[in-house]
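A.B. asks:
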Amino acid sequence: MSVSGRTTVVGLIGYPVAHSLSPAMHNAAAADLGLDLVYVPFATPPGGLASAVRGLAALGVRGVNITIPHKQAALPYLDRVEPAALACGAVNTIVFERPAPTAVQAAGYNTDWSGFAADLVALGVPVQDRDCLVLGAGGSARAVVYALLRSGGRVHVLARRPQQAEQLLADLQPRIDIGRARPHDLRRLGDLRPSAPLIVNTTPLGMSPDVARSPWPDALPLPAGAFVYDLIYNPTTTRLMAQAQAQGRPAVNGMGMLLRQGALAFELWTGARPNLDVMRRALGPSIA
Ligand code: NAP
25 MSVSGRTTVV GLIGYPVAHS LSPAMHNAAA ADLGLDLVYV PFATPPGGLA SAVRGLAALG
85 VRGVNITIPH KQAALPYLDR VEPAALACGA VNTIVFERPA PTAVQAAGYN TDWSGFAADL
145 VALGVPVQDR DCLVLGAGGS ARAVVYALLR SGGRVHVLAR RPQQAEQLLA DLQPRIDIGR
205 ARPHDLRRLG DLRPSAPLIV NTTPLGMSPD VARSPWPDAL PLPAGAFVYD LIYNPTTTRL
265 MAQAQAQGRP AVNGMGMLLR QGALAFELWT GARPNLDVMR RALGPSIA
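Letter by letter, the sequence shown follows residues 25 to 312 of our numbering.
Here is the structure:
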């Protein structure tokens, strides 16, 4: 890849960013399309967020992804935030729009929810009128619950601190109808009697290096007809996925969501649709 004065710069702000898979994924997509574009990780400690957003705008950067710990904190520094990102309470993508050479507008988007929703569609997993159990109520759960409600699911949010699940739904309420969503204590998982549920793990339980952990108790059979979606993608087969597969229930990891949120961000910056297989291959060797 050669960089010139005409090269479009996009990137990632987060802290840390050294282990991010996004540069490999985006740079491969740009090369495949023959675009003169480079994706650069910018390590941005918490106190530096405001000046980073201003500085990237001033430097002519086209856009950035935003990751931990800035996804929520970035909202006040943007000129415009799309309604879905406001609902999720987080942005993972900024586009620096330049309506005139001297004018820059920072627009915030959330492609986590839409990447998750698009992956379910691609997998052929129905959501409409389906019981959906969302395990965990943190940042990614907001995007997942929003996507499931938009797709017409009956959503149960299960958190070890039930008030976190209640708060998640209270925060979504002004932006989407939460009439089909309920908060629960994760310890009462066994009391629910869902029919053929979609089970989505949004907790970090099972993520490398703690690969032996699972949010689903061994003693509790996975319901008939269940489909398991684990947001974790490292390892590629999590303990929860192995539990599901041992009981004949289909299960996928979060690689599809990761790819699709990236592809949607790439499209926002470039207007071009990247090749998902190219992006997937670029991730391959990086994942244990
Ligand atoms: P987060 O904001 O920290 O939320 C994690 C949630 O899990 C919280 O509700 C937390 O509860 C709960 N939790 C943590 N440890 C738990 C335990 N031992 N037992 C029960 N609940 C527990 O994290 P996040 O950003 O949502 O990320 C969660 C996972 O999703 C990570 O593994 C991340 O890599 C993955 N993810 C994947 C994608 C993708 O594209 N595939 C995108 C985003 C995130 P407390 O607040 O009580 O700790």
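Even for Gly, the Cβ is constructed at its ideal location relative to N, Cα and C.
#1: By the three-class DSSP mapping on this structure, what secondary structure does Asp-60 have?
#2: Looking at Asp-56 and Asn-299, is the spacing between their C-beta atoms short of 8 Å?
#3: What do you reckon, are the CB atoms on Val-149 and Phe-251 nearer than 8 Å?
#4: According to DSSP, simplified to helix, strand and coil, what is Leu-173?
#5: Grab the span of the alpha helix (DSSP H) containing Arg-304 for me, first residue to last.
#6: If you run the structure through DSSP and keep just helix, strand and coil, what is Leu-36?
#7: Leaving out the 5 sequence neighbours to the left and right, which residues in its chain are closer than 7 Å to Gln-191 when beta-carbon positions are compared?
#8: Run through the region 86-118 for me and flag every whole beta strand (DSSP E) of 3 or more residues, listed as ranges in chain order.
#9: The ligand NAP heavy atoms versus the CB of Thr-262: any closer than 7 Å?
#10: Kindly indicate the opening and closing residues of the beta strand (DSSP E) around Gln-15.
#11: For the ligand NAP, is there any heavy atom lying closer than 7 Å to the beta carbon of Ile-118?
#12: Can you tell me whether Arg-304 sits near the ligand NAP, meaning its C-beta is under 7 Å from at least one heavy atom of the ligand?
#13: Following the continuous beta strand (DSSP E) through Arg-178, name the residue where it begins and the one where it ends.
#14: Could you compute how far the alpha carbon of Ala-243 sits from the alpha carbon of Val-181?
#15: Say whether the region 57-76 touches the region 109-129, bearing in mind that this needs 3 or more beta-carbon pairs closer than 8 Å, one atom from each stretch.
#16: Report yes or no: do the region 249-264 and the region 203-212 share at least 3 C-beta pairs separated by less than 8 Å?
#17: Is the distance from the Cβ of Ala-131 to the Cβ of Val-119 below 8 Å?
#18: Going along the chain, which residues of its own chain have a beta-carbon closer than 8 Å to the beta-carbon of Ala-146, five neighbours each way excluded?
#19: Using CA coordinates, which residue listed in Glu-121, Arg-78, Leu-255 is at the minimum distance from Pro-100?
#20: Taking 7 Å as the cut-off, is the C-beta of Pro-70 nearer than that to any heavy atom in the ligand NAP?
#21: For Gly-177, count neighbouring Cβ atoms within 10 angstroms of its own Cβ and tell me buried if that reaches 16, exposed if not.
#22: Touching or not, the region 150-157 and the region 288-302, by the rule of three or more beta carbon pairs under 8 Å?
#23: Beta-carbon separation of Arg-104 and Gln-129 under 8 Å?
C.D. replies: The answer reads as follows:
#1: coil
#2: yes
#3: yes
#4: helix
#5: 300-307
#6: strand
#7: none
#8: 87-90
#9: no
#10: In the structure as shown, the chain begins at 25 and stops at 312. Residue 15 is therefore absent and cannot be evaluated.
#11: no
#12: no
#13: 178-183
#14: 21 Å
#15: no
#16: no
#17: yes
#18: Gly-280, Arg-284
#19: Arg-78
#20: no
#21: buried
#22: no
#23: yes
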